[in-house]
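Note sheet for the following structure.
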Amino acid sequence: MTFTAIDFETATAFHPCSVGIVTVENGIIVDEFVSLIKPPNNLYSPFTIQVHGIYPRDTVNAKSFAQVYPEIQKRLQNRVIVAHNESFDRNVLAKSMALYNLDYADLNIASRWECTVKIYKAKGLKPTKLSDCCREMKIQLNHHEALSDARACAKLYLLK
13 MTFTAIDFET ATAFHPCSVG IVTVENGIIV DEFVSLIKPP NNLYSPFTIQ
63 VHGIYPRDTV NAKSFAQVYP EIQKRLQNRV IVAHNESFDR NVLAKSMALY
113 NLDYADLNIA SRWECTVKIY KAKGLKPTKL SDCCREMKIQ LNHHEALSDA
163 RACAKLYLLK
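Position in the sequence shown counted from 1, then plus 12, gives you our numbering.
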């Protein structure tokens, strides 16, 4: 079980304001990375602030996606990628990369990632929100905190 789990929190649409990445080698978490990200123009939706509690004041001096990307790239490149509701996180990554003229193909990762929502839905778990899956599998979670979500996703994938 060697893979990387990722979670983005977004400020608006697909613009990330935080990323959490957990690297697993042979079933053991060996690296964790978290960073705030300044979204374009530091704009936020009131709804997303309500979800994750990250405010423009928290990211006013944060690095842009392009500045954080080298850290993301070195953790994702040539890896199996796992996310909870993978299409959301995959789209955040792909659209953010496109915005900064970064080539998604250079990551050499699957066009669709491993998805813990789909895995746990197939196991018959309902509902399959991250918090529900973690409660069922007895995994600690500080929901909508990117690193905690990525860590929980990694643990769910290890228990699949």
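Where a beta carbon is used, it is the ideal one built from N, C-alpha and C, also for glycine.
Rounded to the nearest whole angstrom, the CA to CA distance from W125 to V42 is 20 Å. For F59, the secondary structure class from DSSP, reduced to helix, strand or coil, is helix.
In this structure E44 touches L159 by the C-beta definition: roughly 6 Å separates them, less than 8 Å. The residue from N53, M13, R91, A134 with its alpha-carbon nearest to that of P68 is N53. Listed in chain order, the non-local C-beta contacts of Y169 below 6 Å within the same chain comprise V94, T128, local neighbours out to five positions each way being set aside. Out of V46, K138, S123, R87, the CA that lies nearest to the CA of E98 is found in S123.
Per DSSP, reduced to three states, the secondary structure at D118 is helical. DSSP, read as helix, strand or coil, puts S123 in coil. When C-alpha distances from Q62 are compared across K107, I131, N120, A23, the shortest belongs to A23.
With a contact defined as Cβ atoms closer than 8 Å, L137 and H155 miss out at about 16 Å. Less than 9 Å separates the beta-carbon of A78 from that of L114.
Here A17 is buried. Its C-beta has 16 or more other C-beta atoms within 10 Å.
Y112 counts as exposed, since fewer than 16 other C-beta atoms from the protein chains shown sit within 10 angstroms of its C-beta. Taking the C-beta atoms as reference points, I33 is found no nearer than 9 Å to L119. Around the beta carbon of R147, fewer than 16 other beta carbons lie within 10 angstroms, which makes this residue exposed.
Inclusion of K107 and V72 in the CB contact set at 9 Å is not warranted, their separation being larger than that value.
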